[in-house]
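Asks: Heads up: the sequence shown begins at 7 in our numbering, then just goes up one per residue.
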Amino acid sequence: MELFEELEIALAREEVWAMLVDAEILSQCITGCETVERISETEYTLLLGTSIGPVRARFTGTIELTDLNPPESYTMLGSGKGGVVGFAKGSAKIRLQDRTVAGKTGTLLSCTLAVSVGGKLAQIGSRLVDVAARKLTTDFLSRFVALAEK
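1. Tell whether a beta-carbon distance below 9 Å holds between residue 24 and residue 44.
2. Spatial neighbours of residue 82 within its chain, please: CB distance less than 7 Å, with the 5 preceding and 5 following residues excluded, ordered by chain position.
3. Is the Cβ-Cβ distance between residue 128 and residue 7 less than 9 Å?
4. Evaluate the contact criterion for the stretch 8–19 versus the stretch 117–124: three or more CB pairs, one atom per stretch, below 8 Å.
5. What's the call for residue 88, buried or exposed, on a 16-neighbour Cβ count within 10 Å?
6. Could you have a look at residue 11 and say whether DSSP puts it in helix, strand or coil?
7. Out of curiosity, what's the CA-to-CA distance linking residue 63 and residue 153?
8. Is the separation between the beta-carbon of residue 142 and that of residue 56 shorter than 9 Å?
9. Start and end of the alpha helix (DSSP H) containing residue 136?
10. Using DSSP with H/G/I as helix, E/B as strand and the rest coil, what is residue 45?
11. Could you tell me the distance, in whole angstroms, from the CA atom of residue 91 to the CA atom of residue 132?
12. Under a Cβ-count criterion, where at least 16 other Cβ atoms within 10 Å of its own Cβ denotes burial, should residue 112 be classed as buried or exposed?
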C-alpha cells in the first residue's frame with residue numbers, strides 16, 4: 007500500500023526538521039506508542055500497541071533514518087514484530103520545503119508512505135490494513151501539526 011500526504015506547518019523548515027528527529031515528539035505523535043528510544047543519531051527502538059480490525063497486537067520495532075539531507079529530506083525505514091499476529095514494515099519519504107503559511111515563514115511537509123504486513127495481519131485483508139495505515143498516518147500528522155503549532 008502507498009499513501010501520499012502533504013500539509014503546511016507554520017514553522018521554519020529547520021524547526022520542523024528538529025521535531026521530526028526528536029524521539030519525544032515522535033512518541034507523542036505515534037498512535038499507541040508506549041516508548042520510543044533513540045539508540046543512535048539515526049536509529050530508534052519503539053514499543054506500541056494497536057488494533058487492525060479484529061486483531062490487537064503489541065509491536066516491538068525499529069526505525070532507521072536514511073538518505074539524510076537536513077533540513078530538506080530523509081527516508082524513515084520501520085519494521086515491527088507482533089508475535090503470532092505477524093509483522094509490519096514500511097518506509098516514509100519525508101520532504102520539507104519552505105512555504106509562506108498565513109503570511110509567516112512556514113514549511114510544506116510531504117510524506118510518501120509504503121507499508122507491507124505479513125502473518126495474521128495479512129490474512130485479515132488489505133482493505134482493513136489500508137484503512138488502518140491511513141488512520142495511523144492521518145493521526146500522526148494531525149498530532150505533529152498540533153505540537154508544532156503550540
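A virtual CB, placed ideally from N, CA and C, is assigned to each residue, including glycine.
Replies: On the basis of the data shown:
1. no
2. 69, 71, 97, 98 and 100
3. no
4. yes
5. buried
6. strand
7. 27 Å
8. yes
9. 132–154
10. coil
11. 15 Å
12. buried
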